[in-house]
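If you're matching positions, the sequence shown starts at 18 in our numbering and goes up one per residue.
Glycine is no exception: its CB is placed at the ideal position from the N, C-alpha and C atoms.
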Amino acid sequence: MNNLINRRNFLKGAGALMAAGSLPISLVKLALADTGRDFTFAYMSDAHIQHIKGDRFVRNWDRGLIRAVAETNLLSPKPDFIMFGGDLAQLGTQPELDHGAEIMSALRYNKVYYVMGEHDYYLDLGKHWEKLFGPQYYGFDHKGVHFVVLNSILTDDDWTYRRWPSGEQRMLEMAGLDNPNGSPFMVKEPQRLWLQKDLEKVSKNTPVVVFSHSPLQKIYKGWNFWTEDAEEVQNLLKPFNKVTVLYGHVHQIQYNQIGNISFNSVMGTAWPWPYPQSYAQAASHLPKLTVQMNRADPFFERDATGWQFINLATGNVDVNYNLYNNAARTVAFNTNTGRPEDSLYQAEKERIPPQTHY
Ligand SMILES: [Fe+2]
Ligand SMILES: [Fe+2]
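Dropping the structure here:
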């Protein structure tokens, strides 16, 4: 027993050193100072836990989430809380959601927040997810920042309630990426009215951070990198001085600035999506500052997956992407240009060109 405890303590100490060592010095310093809104949180997303049969699940997707949980547990000092960005499950089944929740239960944090993904939702319209994680949309305040969590993956009632003979069929249709039978994601009016009311009590100088699953901007409709009523939601956020939207779903690094709103995506722990072909062909489908990354390396099963360490020292979101290939990337808000920028690949000539895979 003693040996076990000693070994565990040793691993914990060694890991904390390793994790701190892999963060840029500036982030470590920011994380150490704990004043006002100078705080950090960790963000993981898109685990897509997939049930095979009995107690068997797709091992690779399990490993991705288990690794994110283990690495965030090693952070020292600890971030204030953990966010999970949606698509915990692949087909929204109870075994998948329960198994995902069990993996997440290894997190040694008091507070873990969850965003609804379409893969969690369309089997039973979020019933089991709600039992495990609570309401589908909500707000909270933390150290001078107002946070909002939205369910952005709703769609037309006709599609949701009348089109399919069963929840299973509906889920399968929504699970396809470039599926012509799919339906565009929406926040929808009842939630927008709730958001309007929620924001009424927030001062215009309070930094606002919105978590959604789909981007609250229109990037590429064919793959639902898109929210149909994005502009209506953006309008509600316009009066605030500092707004950031953090979203999952796209399984890749994207960042953009529209008016006063900064947009940052997060990676999946399961797999990376490639860039849609239209990214290369139509500039209108490319978020202004997206950096094309090498992907997906068929010989490296964890290519372009990982989790995020986020700091809010300035009230803007700075995202440190901890890729599982150990090549960390930082997208930080540049106050001079007024938008998020990639510290490594911002210059045009340093960007990694899009690749063609055969
Ligand atoms: Fe996903
Ligand atoms: Fe998704």
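Practice prompt. Figure out for me which residue from Y60, F202, L194, L91 has the closest Cα to the Cα of V129.
Written response: The candidate whose alpha carbon is nearest that of V129 is Y60.
Worksheet item: Enumerated in chain order, which unbroken segments of the beta strand (DSSP E) with a length of 3 residues or greater are wholly contained in the region 163-237?
Response: Considered as a whole, the region 163-237 harbours 225-229 as its complete beta strand (DSSP E) runs of no fewer than 3 residues, in chain order.
Worksheet item: Based on the DSSP secondary-structure assignment, which residues constitute the bridge partners of G156?
Response: Answer is V165.
Practice prompt. With DSSP as the reference, label R387 as helix, strand or coil.
Written response: The shown model of the chain, from 18 to 375, leaves out residue 387, and the question about it has no answer.
Worksheet item: Straight-line CA distance for S229 to A287?
Response: Spanning the two alpha carbons is a distance of roughly 18 angstroms.
Worksheet item: Bridge partners of Y362, per DSSP?
Response: None; Y362 has no bridge partner.
Discussion item. Measuring alpha carbon to alpha carbon, tell me which residue in L167, E119, F157, G184 is nearest L14.
Written reply: Past the edges of the chain, shown from 18 to 375, lies residue 14, and the structure says nothing about it.
Worksheet item: What is the rounded straight-line gap between the Cα of D215 and the Cα of H163?
Response: When rounded, the distance between both Cα atoms is 10 angstroms.
Worksheet item: Near W78, which residues of its chain fall below 7 angstroms by C-beta distance, leaving aside the five closest residues on each side in sequence?
Response: Around W78, the same chain offers A64, H65, I66, Q67, A287 as residues with beta carbons nearer than 7 angstroms, after the five sequence neighbours per side are excluded.
Practice prompt. Over the uninterrupted beta strand (DSSP E) stretch that includes K70, give me the two end residues.
Written response: Run containing K70: 68-70, per the beta strand (DSSP E) assignment.
Worksheet entry | Which of helix, strand or coil DSSP assigns to Q274 | Correct three-state label for Q274: strand.
Worksheet item: Can you name the start and end residues of the beta strand (DSSP E) that V250 belongs to?
Response: Segment 247-254 is the alpha helix (DSSP H) holding V250; no beta strand (DSSP E) there.
Worksheet item: Under 7 angstroms from any heavy atom of ligand 2, does the C-beta of D174 make it?
Response: The answer is no for D174.
Worksheet item: Under 7 angstroms from any heavy atom of ligand 2, does the C-beta of E190 make it?
Response: No, the beta carbon of E190 sits no closer than 7 angstroms to any heavy atom of ligand 2.
Fill in: G134 Cβ short of 7 angstroms to ligand 2 heavy atom set
The answer is yes for G134.
Worksheet item: Can we count H163 as close to ligand 1, meaning its CB is less than 7 angstroms from some heavy atom?
Response: H163: no, Cβ never under 7 angstroms from ligand 1.
Worksheet entry | Buried/exposed call for D104, threshold 16 Cβ in 10 Å | Its Cβ being crowded by 16 or more others within 10 Å, D104 is buried.
Practice prompt. Consult DSSP for R84 and reduce its assignment to one of helix, strand or coil.
Written response: Here R84 sits in helix by DSSP.
Worksheet item: For I327, is the classification buried or exposed, using 16 other Cβ atoms within 10 angstroms of its Cβ as the cut-off for buried?
Response: By the neighbour-count rule (16 or more Cβ atoms within 10 Å), I327 is buried.
Worksheet item: Can a CB atom of chain C be found closer than 8 angstroms to the CB of R84?
Response: In summary, chain C is missing from the structure at hand, where a single protein chain is found.
Discussion item. Does T354 pass the burial test, meaning 16 or more other C-beta atoms within 10 Å, or should it be called exposed?
Written reply: When all chains shown are included, T354 counts as exposed.
Worksheet item: Looking at C-alpha atoms only, which residue of V336, D115, L91, Y126 is the closest neighbour of D97?
Response: For the options V336, D115, L91, Y126, the alpha carbon positioned closest to that of D97 is the one of Y126.
Item to complete: Please classify G109: is it buried, with 16 or more other beta-carbons within 10 angstroms of its beta-carbon, or exposed?
Response: Counting the other Cβ atoms within 10 Å of the Cβ of G109 gives 16 or more, which makes it buried.
Worksheet entry | Distance cut-off 7 angstroms: D63 Cβ against heavy atoms of ligand 1 | It does: the Cβ of D63 is within 7 angstroms (strictly closer) of some heavy atom of ligand 1.
Worksheet item: DSSP puts M100 in a beta bridge; with which residues?
Response: In DSSP, M100 forms a bridge with Y60, Y130.
Practice prompt. Have a look at R209, L149, D137, W176 and flag the residue whose alpha-carbon is nearest the alpha-carbon of G156.
Written response: Closest option to G156, Cα to Cα, is R209.
Practice prompt. Enumerate in chain order the residues of its own chain whose CB-to-CB distance from L140 is below 8 angstroms, with the five nearest sequence positions on each side excluded.
Written response: Same-chain partners within the cutoff: L108, G109, T110, G184, E185, R187, M188.
Worksheet item: Helix, strand or coil for T261 per DSSP?
Response: In this structure, T261 counts as strand in the three-state DSSP scheme.
Fill in: Between the CA atoms of V225 and N90 - distance to the nearest angstrom
Each residue's Cα considered, the two are about 26 angstroms apart.
Fill in: Where T331 falls: helix, strand or coil (DSSP)
Three-state DSSP puts T331 in coil, outside helix and strand.
Fill in: Cβ contact check for the region 167-176 and the region 109-123: 3 or more pairs under 8 angstroms
Output reads no: the region 109-123 does not touch the region 167-176.
Fill in: K235 vs W243 beta-carbon contact at 8 angstroms
Yes; because the gap between Cβ atoms is below 8 angstroms, this pair is in contact.
Worksheet entry | Nearest neighbour of K160, chosen from L340, N343, G332 [CA to CA] | For the options L340, N343, G332, the alpha carbon positioned closest to that of K160 is the one of G332.
Fill in: Segment limits, beta strand (DSSP E) that includes A123
Looking at the DSSP string, A123 is not in any beta strand (DSSP E), and its letter there is neither H nor E.
Practice prompt. Would you grab the beta carbon distance between F101 and V75 for me? Rounded to a whole angstrom, and I think it's under 8 angstroms.
Written response: With 8 angstroms as the limit, F101 and V75 do not qualify as a contact, their Cβ atoms being about 18 angstroms apart.
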